[in-house]
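The next block holds one structure in the form of structure tokens; read it before the comments.
In our numbering, the protein residues as written are 33 to 233.
Structure below.
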């Protein structure tokens, strides 16, 4: 489900930038990518070519649980009652970084990222039927995503880039919520109660 959500945002941001700036970006390949910034060996995971080249990198940097329900779920399947755990709702903190040899291009692209989420603060599967195009299984599908900008202090920003092992570049963090994880494998299954017998004893 995380993959489904982030690949959807990648594809939509690619389309948005090409539509927003066809002169500069319509003829380029898809340059928004889903990737870590650094490889496990400490080398840069992203490379760009000539002076006008750029890449926008989407990186998952943190997760938090958005606990809204505690009770179990009861559902009827094939004349049996199943008990499953409530969904786990996840908020994903996502870093959008701009790799560009030209600093003005990087700032322009950062502005497009912000305007993309200003235009689309809420994504739902009715408005965006392609949202689940990359979902392999039914439980990987998502209904709705909400995006809000997440501000950090200079100290938090410094700690983040140090933890990533990368040099700072123009970037912005968005909190993407709510990604709901539900495993419908039942904890318990039993036939429904169809009658109640009251004993005199």
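Note that beta-carbon positions come from the ideal geometry of N, C-alpha and C, so glycine has one too.
Sequence-distant residues of the same chain with beta carbon closer than 6 Å to residue i, five excluded per side
i, result
"residue 40", "163"
"residue 144", "49, 52"
"residue 47", "none"
"residue 184", "none"
Limits of the unbroken alpha helix (DSSP H) element including residue i
i, result
"residue 164", "That residue, residue 164, is in no alpha helix (DSSP H); it is neither H nor E in DSSP."
"residue 136", "135–151"
"residue 192", "186–196"
CB-CB length for residue i against residue j, believed under 8 Å
i, j, result
"residue 177", "residue 155", "4 Å"
"residue 65", "residue 42", "7 Å"
"residue 179", "residue 208", "5 Å"
"residue 152", "residue 210", "Not confirmed; about 16 Å, so no contact."
"residue 55", "residue 90", "Rounded, the Cβ-Cβ distance is 24 Å, inconsistent with contact."
"residue 80", "residue 133", "6 Å"
Cβ neighbours of residue i in the same chain (closer than 7 Å, five flanking residues each side left out)
i, result
"residue 63", "86, 87, 88"
"residue 17", "With the chain running from 33 to 233 in the structure shown, residue 17 is simply not present."
"residue 197", "70, 74"
8 Å Cβ shell around residue i - same chain, five flanking residues per side excluded
i, result
"residue 57", "49, 50, 63"
"residue 225", "Low confidence applies to residue 225: its pLDDT is 49, below 50, so where it sits in the model is not reliable, and the reading given next is rough at best. No residues qualify anywhere along the chain."
"residue 160", "40, 44"
Nearest residue (CA-CA) to residue i, options the options
i, options, result
"residue 44", "165, 80, 33, 98", "165"
"residue 92", "173, 150, 38, 161", "38"
"residue 121", "199, 133, 97", "97"
"residue 199", "173, 75, 174, 61", "75"
"residue 36", "133, 150, 174, 73", "174"
"residue 157", "167, 71, 185", "167"
"residue 19", "133, 181, 71, 55", "An answer regarding residue 19 cannot be provided, because it is not within the stretch 33 to 233 covered by the chain."
"residue 193", "132, 69, 54", "69"
"residue 34", "72, 188, 94, 136", "94"
"residue 67", "61, 78, 119", "78"
Range covered by the beta strand (DSSP E) that runs through residue i
i, result
"residue 124", "120–132"
"residue 36", "Taken as a continuous stretch (DSSP letters only), residue 36 belongs to no beta strand (DSSP E), being part of the alpha helix (DSSP H) at 34–52."
"residue 94", "86–97"
"residue 176", "176–181"
"residue 156", "154–156"
"residue 65", "64–66"
Proximity test, Cβ basis, 8 Å: residue i and chain C
i, result
"residue 176", "No chain C is part of this structure, which consists of one protein chain only."
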